[in-house]
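*Asks:* Quick one: the structure is below, and I'll ask about it shortly.
2 protein chains.
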Amino acid sequence: MVRKSKEDAELTRKRIITAAREVFLSRGVSRTTLEHIATQANVTRGAIYWHFKNKTEIFHAIREQVLLPLIDRMDDSLTLDGNEDPLTQIEKSLCQTIDELNDNIEMRETYEIIMIKCEYVEDFSEVLQQILDNCSSILDKLVLGYQRAQAQNLLSCTLSPLALAQDTHLFFSGLLHMWVKDADGSRFRNQAKTLIQSHMNLRRKH
Amino acid sequence: MVRKSKEDAELTRKRIITAAREVFLSRGVSRTTLEHIATQANVTRGAIYWHFKNKTEIFHAIREQVLLPLIDRMDDSLTLDGNEDPLTQIEKSLCQTIDELNDNIEMRETYEIIMIKCEYVEDFSEVLQQILDNCSSILDKLVLGYQRAQAQNLLSCTLSPLALAQDTHLFFSGLLHMWVKDADGSRFRNQAKTLIQSHMNLRRKH
DNA sequence: ATATATACATACATTCTTGTTTGTATATAA
DNA sequence: TTATATACAAACAAGAATGTATGTATATAT
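So the sequences go chain by chain: U and L.
Going by my numbering, the first sequence opens with residue 7, and the numbers climb by one from there.
Going by my numbering, the second sequence opens with residue 7, and the numbers climb by one from there.
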């Protein structure tokens, strides 16, 4: 049998994406061949070429599958003003992302691939720009949070909301990178939340 | 003519390293072949195989050429207690690294390769451990600085020196990553020092 | 019921890479 | 001065990896 129903086809597509994520993770993006992915997915390269133009397109599919939902959640948790104070809100939002990394295998693997199993050249260099754009949008949300904190007189210092947001953003970028690299968890993964708490306490009045 | 003097041979070795750095930067480590490097260095693969076992060894040579001196300088500027106060000392040390990245082409290119043009799998996964070890040593130096700052009652908050050092370390890691990704300089490179200043001001009393 | 497009598998041709082997001119040591 | 090791260049062999072309069974539309 060859021809599958539409649902079956969509299923193979997803199998290919999952397989690619697994192989990318263990072999790195550049070193994995379409044959590797095909074997892992129990299909032939024919199937892959049917669903995707090339390896780069699979990479983008993996990214979208995980990143698009994440951005939405990040947006929500930083924009919605609940009944928490702004600083707690920021803290919870950061912690929530760490929780996601811990709980969501696909997200964790995707992050790991993006950060340390991929070379940003040629086709992939545009991803860098996307990452920077992404950062800008997160930064904007943080600025809003700190502005509200300032308005409510919650801040321990006179730094501008922008400066605080930039500092938090860089802190969190560093944390994510270290989180990924710290495979055994001893240095960063296990104490990520404590680090976030300290970071936020530094800007809390009193 | 084929056989060169020892000095000439050492010179070709360096030419190969420089060529490799340049090609790694533009094509990524995985996608560059030894032929690429040879062409760039105006030698044949024979010369490369004479001086290095394989591509991985060239990568390590590039890393050592830049990283070993850096670690020494970092050690010095954080360990030596000059006549500055500890917080200023930390700030200057961080700024100095940024200056180095701006001024030293080899260092800048090497950092870029290590951070976004290299996949940490197989032979390269051990580099991750080295990076983490490196971080530990920098963290230790920062802790010492903050301990002295605390002893001199310079700190604005009650956070432990360790917590402050971890926060600074993560901030600086994030900054370096963004510095590298921000090729056009608009978002991070041009204001790196301001960001460092803000970061340190956050912990200064007064 | 039949035609057609779909969802692949299989086979093929071509190009890249790598590692090794062989050759060789010449510094250098003895 | 001669022998030997050095510092490469050039040639060779073999295997990967890619993209495409072709084959084909079967959903699905008509």
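Ideal placement from N, C-alpha and C gives every residue a C-beta, glycine not left out.
Hey, quick one: how far does the alpha helix (DSSP H) through Y152 (chain U) stretch, first residue to last?
*Replies:* The residue you call residue 152 (chain U) lines up with position 146 of the first sequence. Y152 (chain U) -> alpha helix (DSSP H) spans S131 to A157.
*Asks:* Is K59 (chain L) close to chain U, meaning its C-beta is less than 7 Å from at least one C-beta of that chain?
*Replies:* Translated into the one-based positions of the second sequence, residue 59 (chain L) becomes position 53. No, no contact with chain U.
*Asks:* Is L160 (chain U) helix, strand or coil by DSSP?
*Replies:* Walking along the first sequence from the start, residue 160 (chain U) turns up at place 154. Reduced to three states, the DSSP call for L160 (chain U) is coil.
*Asks:* Identify which residue in L:I137, L:A171 and L:R210 has its Cα closest to the Cα of H183 (chain U).
*Replies:* For the purposes of this step, residue 183 (chain U) is identified with residue 177 of the first sequence, where counting begins at 1. Comparing Cα positions, the closest option is L:I137.
*Asks:* Measuring only between beta-carbons, confirm whether A171 (chain U) sits less than 7 Å from chain L.
*Replies:* Position 165 of the first sequence holds residue 171 (chain U). Not an interface residue.
*Asks:* Answer yes or no: do S162 (chain U) and K211 (chain U) have a C-beta to C-beta separation smaller than 7 Å?
*Replies:* For the purposes of this step, residue 162 (chain U) is taken as residue 156 along the first sequence, with counting starting at 1. For the purposes of this step, residue 211 (chain U) is taken as residue 205 along the first sequence, with counting starting at 1. Yes; because the gap between Cβ atoms is below 7 Å, this pair is in contact.
*Asks:* Let me know if W185 (chain L) comes out buried or exposed under the rule of 16 or more other beta-carbons within 10 Å of its beta-carbon.
*Replies:* As a first step, residue 185 (chain L) is located in the second sequence; it is residue number 179 there, counting from the start. It counts as buried.
*Asks:* Between the stretch 153–171 of chain L and the stretch 102–114 of chain L, can you find at least three pairs of beta-carbon atoms closer than 8 Å?
*Replies:* no
*Asks:* Since M113 (chain U) and V149 (chain U) should fall inside the 8 Å C-beta cutoff, what is the C-beta to C-beta distance between them, to a whole number of angstroms?
*Replies:* By one-based count along the first sequence, residue 113 (chain U) stands at place 107. By one-based count along the first sequence, residue 149 (chain U) stands at place 143. Not really, about 25 Å apart at Cβ, beyond 8 Å.
*Asks:* Can you give the Cα-Cα distance for T200 (chain U) and A171 (chain U), rounded to whole angstroms?
*Replies:* Counting from one through the first sequence, the residue named residue 200 (chain U) turns up at place 194. Counting from one through the first sequence, the residue named residue 171 (chain U) turns up at place 165. About 19 Å.
*Asks:* Examine the Cβ distances between the stretch 46–61 of chain U and the stretch 23–30 of chain U and report whether three or more of them are shorter than 8 Å.
*Replies:* yes
*Asks:* Under the three-state reduction of DSSP, which class applies to R37 (chain U): helix, strand or coil?
*Replies:* Against the first sequence, residue 37 (chain U) aligns to sequence position 31. If DSSP states are grouped into helix, strand and coil, R37 (chain U) belongs with coil.
*Asks:* Do you know whose CA, among L:K61, L:A189, L:E132 and L:N140, lies nearest E115 (chain L)'s CA?
*Replies:* Along the second sequence, read from residue 1 onward, the residue named residue 115 (chain L) stands at position 109. Measuring from the Cα of E115 (chain L), the nearest candidate turns out to be L:A189.
*Asks:* Note the first and the last residue of the continuous alpha helix (DSSP H) segment covering E97 (chain U).
*Replies:* Within the first sequence, residue 97 (chain U) is the residue found at index 91, counting from 1. It spans P92 to D109 - the alpha helix (DSSP H) in which E97 (chain U) sits, taken as one unbroken run.
*Asks:* Please report whether the beta-carbon of L163 (chain U) lies at a distance below 7 Å from any beta-carbon of chain L.
*Replies:* Your numbering for residue 163 (chain U) matches position 157 in the first sequence. Before going on, a small fix: residue 163 (chain U) reads as Cys here, not Leu. Answer yes: the Cβ-Cβ gap between C163 (chain U) and chain L drops below 7 Å somewhere.
*Asks:* Tell whether a beta-carbon distance below 7 Å holds between K187 (chain L) and L134 (chain U).
*Replies:* Here residue 187 (chain L) refers to the residue found at position 181 when the second sequence is read from its first residue. Here residue 134 (chain U) refers to the residue found at position 128 when the first sequence is read from its first residue. Their beta carbons are under 7 Å apart, which means K187 (chain L) touches L134 (chain U) by this criterion.
*Asks:* Taking 7 Å as the CB-CB cut-off, is I122 (chain U) touching chain L?
*Replies:* Taking the first residue of the first sequence as position 1, residue 122 (chain U) is located at position 116. Yes, I122 (chain U) lies at the interface with chain L (some Cβ there is under 7 Å from its Cβ).
*Asks:* What residues in the stretch 7–36 of chain U have a beta carbon less than 8 Å from any beta carbon of chain L?
*Replies:* Under the 8 Å Cβ criterion, the stretch 7–36 of chain U contributes S32, R33, G34, V35 and S36.
*Asks:* What are the residues that DSSP puts in a beta bridge with R210 (chain U)?
*Replies:* Within the first sequence, numbered from 1, the residue matching residue 210 (chain U) stands at position 204. In the DSSP assignment, R210 (chain U) is bridged to U:L161.
*Asks:* For T50 (chain L), which of helix, strand or coil comes out of DSSP?
*Replies:* Sequence index remark: in the second sequence, residue 50 (chain L) carries index 44 (1-based). Assigned with DSSP and collapsed to three states, T50 (chain L) falls in coil, not helix or strand.
*Asks:* Please report the residue range of the alpha helix (DSSP H) in which F58 (chain L) lies.
*Replies:* Start at 1 with the first residue of the second sequence, and residue 58 (chain L) comes out as number 52. Where F58 (chain L) is concerned, there is no enclosing alpha helix (DSSP H), given that its DSSP letter is neither H nor E.
*Asks:* Q153 (chain U): which of U:P75, U:S83, U:P92 and U:E70 sits nearest, CA to CA?
*Replies:* By 1-based counting over the first sequence, the position of residue 153 (chain U) is 147. Of the listed residues, the one whose Cα sits closest to Q153 (chain U) is U:P92.
*Asks:* The alpha helix (DSSP H) that contains S179 (chain U), what's its start and end?
*Replies:* For this step, residue 179 (chain U) is matched to residue 173 along the first sequence. Start and end: P167 to K187.
*Asks:* Just to check my reading of the structure: I68 (chain U) and R27 (chain U) have Cβ atoms closer than 8 Å, yes? What is that Cβ distance to the nearest angstrom?
*Replies:* As a working mapping, residue 68 (chain U) is identified with position 62 in the first sequence. As a working mapping, residue 27 (chain U) is identified with position 21 in the first sequence. The Cβ separation is near 5 Å, so the contact holds.
*Asks:* Can you tell me whether DSSP reads S11 (chain U) as helix, strand or coil?
*Replies:* Position 5 of the first sequence holds residue 11 (chain U). Looking at S11 (chain U) - three-state DSSP - the assignment turns out to be coil, as it is neither helix nor strand.
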